[in-house]
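Enquirer:
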Amino acid sequence: MKLSIFKGSDAHTHTFASTPKLFDWKVCLFALAASLAGSGVQAAEVNTTGLAVTATTVKVGILHSATGTMAISETGSIQAEKLAIEQINAMGGVLGRKIEFIQEDGASDWPTFAEKSKKLLVNDKVAAVFGCWTSASRKAVLPIFEQYNGMLYYPTFYEGLEQSKNVIYTGQEATQQIIAGIDWVTKTKGAKSFYLLGSDYIWPRTSNKIARKHIEKLGLKVVGEEYYPLGHTQFNSVINKIKLTKPDVIYGIVVGGSNVAFYKQLKAAGIDMTKEKPLLLTISVTEDEILGIGGENMQGAYASMKYFQSLPNANNKKFVADFKARWGKDVVIGDVTQAAYLGAWLWKAAVEKAGSFDVDKVRAASPGLELTTAPEGYVKIHPNHHLWSKTRIGHARPDGQYDVVFETKELIEPDPFPKGYQ
Amino acid sequence: MSYQGLASLLPKKEIFGFLVLGLLLVLVLPLTLDIFRLNLIGKYLTYAFVAIGLVLCWGYGGILSLGQGVFFGLGGYLMAMFLKLEASDPITTKIQSTPGIPDFMDWNQITALPFFWKPFYSLPFTLAAIIVVPGIIAYVVGAAMFKRRVGGVYFAIITQAVAAILTILIIGQQGYTGGVNGMTDLRTLQGWDIRTDQAKYILYFFCVFMLFICLLVAQFIRKSKLGRLLVAMREKEDRVRFSGYDVSSFKIFVFCAAAVFAAIGGALFTLQVGFMSPTLVGIVPSIEMVIFCAVGGRMSIIGAVYGALLVNWSKSILSENFPELWLFALGGLFIAVVMAFPDGLAGLYTTYVAPRFKIWFAAIKNVGKTKLEVNAEQQNTHTKQREENQIATEKPKPMKVTITDIPQQNIPSITQGALHE
Amino acid sequence: MFAEYSTSDLISIFAMQGVAGLILFSVFVLMALGLAIIFGQMGVINMAHGEFMILGAYVTYLTSHLFSTYLPGFFSVYFILAMILAFIAAGALGALVEWAMIRHLYHRPLDTLLATWGLSLILQQTYRSVFGAREVGVTLPDWLMGSVKITETIELPINGLFVMCLALGISTAVGILMYRSRWGIQVRAVVQNRPMAGAVGINTARVDRITFALGCGIAGVAGSAFTMIGSTGPTSGQLYIVDTFLVVVFGGATSLLGTIASAFSISQAQSTMEFFMSGSMAKVLTLLFVVLILMVRPQGLFTLKVRR
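Protein chains in written order, with the working numbering: chain A, 710 to 1131; chain B, 196 to 616; chain C, 53 to 360.
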């Protein structure tokens, strides 16, 4: 096990190292049985741990919420992952094998996510899982991936503070997304005071914590910090507070159904974001969310993330065209959808570099892996399993798309345990 | 307990139901299912604890609680607090800014273990708390409401509000509770790794054992005078009150009992699943738990176990095979149960299966006595019954209990209140 | 916390906060009115109430699409038509549900809860299959957006005012219907004494059906109006259900006036507390406050005295 690539001995890494031997022994037995069964010598070479790999196919899992409250957000990820798998198959698959996917529904319920991930790993023996969206669902499945040594490609931008050898994080961690955004808004727009607002759970809270630390480091002021329960639909009181405190920037990390309510009520209360007084900067509203909010309600807001559908590079143009050809011309692609699309390609690249489907070998091959065909441009896997990526600022148009108004020059190093921000 | 006492607790025709259930859970399922599925069954069984409590509370007492998730969650969270402390020893958490406290506290800038977490280093305290804390909360809620004669729909909705409050509190106070993520990554119980396959087997059997203890307690309540009083109260509360009984304390007792059952289920859930999450506390899971009870048959404690198993099993299987459509099936099941089979599986058993059994047993006796007297007609039912019986053994149906004594349309009279009378 | 602000700032903030409270009040009234009619008058617990509201929202979405495609010239007035259609659609579905399901369950009010919960699951999945799992954005006519400037600092959201007027209009209509029309007399007779109402020749089954349909129809209108302030997705209805039930129970289920009074007190409590503390705490405190009062006064704020 390559523990050295991890900073210190992370809690989760430690866990796995201390898992009793009983299981490894069983795995060996499975492998032996599989190779003896003679599903092809070829299969055995690339697969020594009994994964669901035959001479012509390899099974992977897709684990998202197709039902429940999170289905709103996760649908895009499912579509992106299916598209990537189809494209890879059309190119001849991975190591000459077609990818077959097993889709499971996490039903927006964290114990269900845990149950289904176990089913995928233990019963279906999938070679990799693309899935999860909320932090809570990832936290629920993480011990299972570590216990059964699975590989999860997790697409969402998230709060950081985590690093598991069984997860590749294809979205941005909080510092990548936040710091560049705040720097930009202070430098270009001269913002001096911020109002932090979020839904009440770990991602907005941690993100706002990082944002607050950074704002205070810059010597600027946070004039308010507020959290509302998930699913809250009435924001008139907080909008009044915003009007009272007159911040330069509203820093919004509202999610889900609350998002729609918040932006609609903000506009109705006479806060016109196109006037940028105050300016609105969000890290939670992708093109996917604007679909529900309505472009006219979002017009003029800024978003700080790594991908926008309107990115002008050639990779992205092809990706957007393919995505629309597959899922209909009206679909939109948000940051997470693109990150989900990367998952399957990164896995393919790692498998081909390792020459094997074995999770340990795939993991060993992952750090340093580059993808030049990514819609967001060039990405590279950091040894801490996050991606190097650029952060962009989008300016919302009335048609629900963002204009990219800024892009960091360099790739930003992922830093899930940022010193000085905890 | 004397033999007679035992006999009255478990009459012959009911002992059969316990035996079949025991056989199924102890022998059939462990032998036929792999550990992954068996662990799932174990998880479903933890919901059965709640359903058994609801049979007493709702089926017998006529008190519909839509907040059982609160007690299930409390039990689960209390257990999780102990396990989380054990999983957060200073060595494994040394990368945190404050080693030795649970990771989510560290993420929320809490630098010392809060005082109310400290007792949870002790296992006996934790186990006691799992019984006592939900009991006390149920007592407070129950006493406040039943003493003031709140019942029926009002009680249901107030408990729903309690469930909503607890969920928002847990999610909002994430520094102390783990927030929306819940308490994850629980590993050992007093040094014993609860994640291995072997541990999963042991926990499963422990869960079955606890389930039978709860079943017996419930059976005792049901068969005692208290059980009959509960039914009487449900039917005509005022008459029981006029007879000199303190109606509210019976209600409080049965509500507390249901709460404690739910909490035990919650604690076992945490042990088997390895984490606890606020999604099990809120309104939706609370309603689902009522539905397990309704599917099983609201008057049958054994039916409740089958109800929990059947609904969850079909949920798992349907969502594996029809990820886009399973909600239709589930919703349809709920409507069908309420509309067509108000007594659930237990009702189906008494109406369709049990009479056949009777004929069959009678036929066997007849065969034993005078083989020649068995006429063609009887033989006909005999073979028919055999087929029926084969089906029945494939999926054993629960025993049916006292429902036949009670005219159906009277069941909710207590809840109707001013609305229809 | 107010020391650093000028007097005029404070006055305008208090004014706007008052309006925010009134808007929340109107939202609660709209949510609760349909349920109050069904639950209060018939004793049926309709857990699918939120889904009926979302039906109204989806009808509005469809209407806005039709208008923007075929009648762009009339787009500014589509919203009125959409609300009427929402009322008809939700009411018709309500009548159907009453006929197929609810009328068999009048003797078992707690069971209606389970059956309608099943119905809500089915409706959610239907919306998901028909409209997709993503939220849909309802484009509103321009005149409904933005705000009215009263003074330099006081601005009132137009959609909030619209919701207020709508709540007022619908409550008045329901009030007149209940207390001034023949049908209202029949409904109240059935509530107070069903067998006697039947005995004097009131067709109780028909009264039930129309009541249920009316309640669902109002839910549809509410859903249609809420496209202005909230989200429209398959599960959005769930966001409203707890608040709605609390308002109705707190008001004392059988009294429309009670529902309005309880909507007023809950909304004022919540919006005032939200201003002084974090939204999560405000919510918890509001719920606690309601539960505590209900424990002291379980019959709710206002009740109808009936013979038992």
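Just so it is clear, CB atoms sit at the ideal spot from N, CA and C, and this is done for glycine as well.
1. Does the distance from the CB of isoleucine 811 of chain A to the CB of lysine 768 of chain A come in under 8 angstroms?
2. Less than 8 angstroms between the CB atoms is what I'm expecting for glutamine 886 of chain A and threonine 1100 of chain A, so what's the real figure, rounded?
3. In three-state terms, what does DSSP make of lysine 1128 of chain A?
4. I'd like the span of the beta strand (DSSP E) that includes glutamate 813 of chain A, first residue to last.
5. Should alanine 100 of chain C and serine 172 of chain C be called a contact, given that it needs their Cβ atoms to be closer than 8 angstroms?
6. Look at the alpha carbon of serine 203 of chain B and the alpha carbon of serine 419 of chain B, and state the distance between them as a whole number of angstroms.
7. What residues match up with valine 1088 of chain A in a beta bridge as DSSP calls it?
8. Are isoleucine 210 of chain B and alanine 413 of chain B touching if we call contact CB-CB under 8 angstroms?
9. Alpha carbon to alpha carbon, what distance is there between aspartate 1108 of chain A and methionine 276 of chain B?
10. If you compare alpha carbons, which of A:Pro852, A:Thr765, A:Val755 is closest to phenylalanine 470 of chain B?
11. Looking at chain A, is there any beta carbon in it that lies within less than 8 angstroms of the beta carbon of phenylalanine 327 of chain C?
12. Pick from A:Asp833, A:Glu813, A:Asp1044, A:Lys827: whose alpha carbon is nearest that of leucine 762 of chain A?
13. Using only the alpha-carbon positions, how far apart do alanine 587 of chain B and proline 518 of chain B sit?
14. Going by the CB atoms, is the gap between leucine 1051 of chain A and valine 709 of chain A shorter than 8 angstroms?
15. Does DSSP classify alanine 1105 of chain A as helix, strand or coil?
16. Rounded to whole angstroms, what is the Cα-Cα separation between threonine 324 of chain C and glutamine 69 of chain C?
17. How should tryptophan 253 of chain B be labelled, buried or exposed, when 16 other C-beta atoms within 10 angstroms of its C-beta is the threshold for buried?
18. So what does DSSP say about threonine 843 of chain A, is it helix, strand or coil?
19. First and last residue of the beta strand (DSSP E) that includes valine 973 of chain A?
20. For threonine 287 of chain C, which residues in chain A fall below 7 angstroms Cβ to Cβ?
21. Have a look at glycine 86 of chain C and valine 273 of chain C and give me their C-alpha separation to the nearest angstrom.
22. Just how far apart, CA to CA, sit glutamate 813 of chain A and phenylalanine 183 of chain C?
23. Thinking serine 902 of chain A and proline 956 of chain A are a contact (beta carbons under 8 angstroms), I'd like their distance in whole angstroms, please.
24. Quick check on tryptophan 819 of chain A - is its C-beta less than 8 angstroms from some C-beta in chain B?
25. For the stretch 510-570 of chain B, which segments carrying the alpha helix (DSSP H) assignment without a break, of at least 4 residues, lie completely within its bounds, in sequence order?
26. Taking the C-alpha atoms as reference points, what is the distance between lysine 590 of chain B and threonine 758 of chain A?
27. Count the other CB atoms within 10 Å of the CB of methionine 594 of chain B; is the residue buried (16 or more) or exposed (fewer)?
28. Going straight from the alpha carbon of glycine 331 of chain C to that of glutamate 935 of chain A, what length do you get?
29. Here's the rule: buried if 16 or more other CB atoms are within 10 angstroms of the residue's CB, otherwise exposed. What is lysine 688 of chain A?
30. Quick check on the burial criterion: 16 or more other C-beta atoms within 10 angstroms. Buried or exposed for threonine 865 of chain A?
31. Looking at the C-beta of serine 844 of chain A, does it have a partner C-beta in chain C at a distance below 8 angstroms?
32. What does valine 485 of chain B touch in chain C if you count any residue whose Cβ is under 7 angstroms from its own?
33. Would you call glycine 1085 of chain A buried or exposed, if buried means 16 or more other Cβ atoms sit within 10 Å of its Cβ?
34. Which residue marks the beginning of the alpha helix (DSSP H) containing aspartate 295 of chain C, and which one marks its end?
35. Looking at the structure shown, is lysine 930 of chain A part of a helix, part of a strand, or coil, going by DSSP?
36. When the Cβ atoms of the stretch 472-492 of chain B are set against those of the stretch 279-291 of chain B, are three or more pairs found closer than 8 angstroms?
Expert: Based on what the coordinates show:
1. As a working mapping, residue 811 of chain A is identified with position 102 in the first sequence. As a working mapping, residue 768 of chain A is identified with position 59 in the first sequence. Contact: yes.
2. Along the first sequence, one-based indexing puts residue 886 of chain A at 177. Along the first sequence, one-based indexing puts residue 1100 of chain A at 391. 6 angstroms between Cβ atoms; contact.
3. Locating residue 1128 of chain A in the first sequence gives position 419, where the first residue counts as 1. Lysine 1128 of chain A: coil per DSSP, three-state reduction.
4. As a working mapping, residue 813 of chain A is identified with position 104 in the first sequence. Per DSSP, glutamate 813 of chain A belongs to the beta strand (DSSP E) from 807-814.
5. Sequence index remark: in the third sequence, residue 100 of chain C carries index 48 (1-based). Sequence index remark: in the third sequence, residue 172 of chain C carries index 120 (1-based). Result yes, Cβ atoms of alanine 100 of chain C and serine 172 of chain C sit closer than 8 angstroms.
6. The residue given as residue 203 of chain B occupies position 8 in the second sequence. The residue given as residue 419 of chain B occupies position 224 in the second sequence. Answer to the nearest angstrom: the Cα atoms are 9 angstroms apart.
7. What you label residue 1088 of chain A is simply residue 379 of the first sequence in a count that begins at 1. Partner(s): A:Leu1080.
8. Sequence index remark: in the second sequence, residue 210 of chain B carries index 15 (1-based). Sequence index remark: in the second sequence, residue 413 of chain B carries index 218 (1-based). Cβ atoms of isoleucine 210 of chain B and alanine 413 of chain B: not closer than 8 angstroms.
9. Taking the second sequence and counting its residues from 1, one reaches residue 276 of chain B at position 81. Taking the first sequence and counting its residues from 1, one reaches residue 1108 of chain A at position 399. For methionine 276 of chain B and aspartate 1108 of chain A, the distance between alpha carbons rounds to 49 angstroms.
10. Looking up residue 470 of chain B in the second sequence gives position 275. The residue with the shortest Cα to Cα distance from phenylalanine 470 of chain B is A:Pro852.
11. Your numbering for residue 327 of chain C matches position 275 in the third sequence. Phenylalanine 327 of chain C counts as touching chain A.
12. Along the first sequence, one-based indexing puts residue 762 of chain A at 53. The sequence shown places valine at residue 762 of chain A, not leucine. Cα-wise, what sits closest to valine 762 of chain A is A:Asp833.
13. Stepping through the second sequence from its first residue, residue 587 of chain B is reached at position 392. Stepping through the second sequence from its first residue, residue 518 of chain B is reached at position 323. Note that alanine 587 of chain B scores 44 on pLDDT, short of 50, meaning its location in the model is unreliable; the coordinates nonetheless yield the value given after this. Roughly 30 angstroms separates the two Cα atoms.
14. The structure shown has nothing for residue 709 of chain A, since chain A only spans 710 to 1131.
15. The residue you call residue 1105 of chain A lines up with position 396 of the first sequence. If DSSP states are grouped into helix, strand and coil, alanine 1105 of chain A belongs with the strands.
16. For the purposes of this step, residue 324 of chain C is taken as residue 272 along the third sequence, with counting starting at 1. For the purposes of this step, residue 69 of chain C is taken as residue 17 along the third sequence, with counting starting at 1. Their backbone Cα atoms lie some 8 angstroms apart in a straight line.
17. Taking the first residue of the second sequence as 1, we reach residue 253 of chain B at position 58. Per the 10 Å Cβ criterion, buried.
18. The residue you call residue 843 of chain A lines up with position 134 of the first sequence. Threonine 843 of chain A falls in the coil class under three-state DSSP.
19. Against the first sequence, residue 973 of chain A aligns to sequence position 264. Here residue 973 of chain A is lysine; the residue named in the question, valine, does not match the sequence. Per DSSP, lysine 973 of chain A belongs to no beta strand (DSSP E); it is in the alpha helix (DSSP H), 965-977.
20. Locating residue 287 of chain C in the third sequence gives position 235, where the first residue counts as 1. Residues of chain A passing the Cβ test: Gly777, Thr778.
21. Within the third sequence, the letter at position 34 stands for residue 86 of chain C. Within the third sequence, the letter at position 221 stands for residue 273 of chain C. Cα to Cα, glycine 86 of chain C sits roughly 9 angstroms from valine 273 of chain C.
22. Residue numbering aside, residue 813 of chain A sits at position 104 when the first sequence is read from its first letter. Residue numbering aside, residue 183 of chain C sits at position 131 when the third sequence is read from its first letter. Answer to the nearest angstrom: the Cα atoms are 21 angstroms apart.
23. The count along the first sequence starts at 1 and reaches residue 902 of chain A at position 193. The count along the first sequence starts at 1 and reaches residue 956 of chain A at position 247. Their Cβ separation, rounded to whole angstroms, is 5 angstroms, which keeps serine 902 of chain A and proline 956 of chain A in contact under 8 angstroms.
24. Position 110 of the first sequence, counted from the first residue, corresponds to residue 819 of chain A. Output row for tryptophan 819 of chain A: interface = yes.
25. 521-534, 539-543, 549-564
26. For the purposes of this step, residue 590 of chain B is identified with residue 395 of the second sequence, where counting begins at 1. For the purposes of this step, residue 758 of chain A is identified with residue 49 of the first sequence, where counting begins at 1. The predicted model places lysine 590 of chain B with a pLDDT of 45, which falls under 50 and marks its position as unreliable; any figure quoted below should be read in that light. The straight-line gap from Cα to Cα measures roughly 37 angstroms.
27. Numbered from its first residue, the second sequence carries residue 594 of chain B at position 399. Note that methionine 594 of chain B has pLDDT 46, beneath the 50 cutoff, so the model's placement of it is unreliable and the number below is only indicative. By the neighbour-count rule (16 or more Cβ atoms within 10 Å), methionine 594 of chain B is buried.
28. Within the third sequence, the letter at position 279 stands for residue 331 of chain C. Within the first sequence, the letter at position 226 stands for residue 935 of chain A. Each residue's Cα considered, the two are about 7 angstroms apart.
29. Here chain A has residues from 710 to 1131 only, and residue 688 of chain A is not among them.
30. In the first sequence, counting from the first residue as 1, residue 865 of chain A sits at position 156. Buried, since its Cβ has 16 or more Cβ neighbours within 10 Å.
31. Position 135 of the first sequence, counting from 1, holds the residue named residue 844 of chain A. No, serine 844 of chain A lies away from the interface with chain C (no Cβ there is under 8 angstroms from its Cβ).
32. The residue labelled residue 485 of chain B in the question sits at position 290 within the second sequence. Within chain C, the residues near valine 485 of chain B are Leu166.
33. To locate residue 1085 of chain A, count along the first sequence from 1; it is residue 376. For the record, residue 1085 of chain A in the displayed sequence is glutamate; it is not glycine. Per the 10 Å Cβ criterion, buried.
34. Working through the third sequence from its first residue, we reach residue 295 of chain C at position 243. Counting along the chain, the alpha helix (DSSP H) containing aspartate 295 of chain C begins and ends at 293-303.
35. As a position in the first sequence, residue 930 of chain A is number 221, starting the count at 1. Three-state result, lysine 930 of chain A: strand.
36. no
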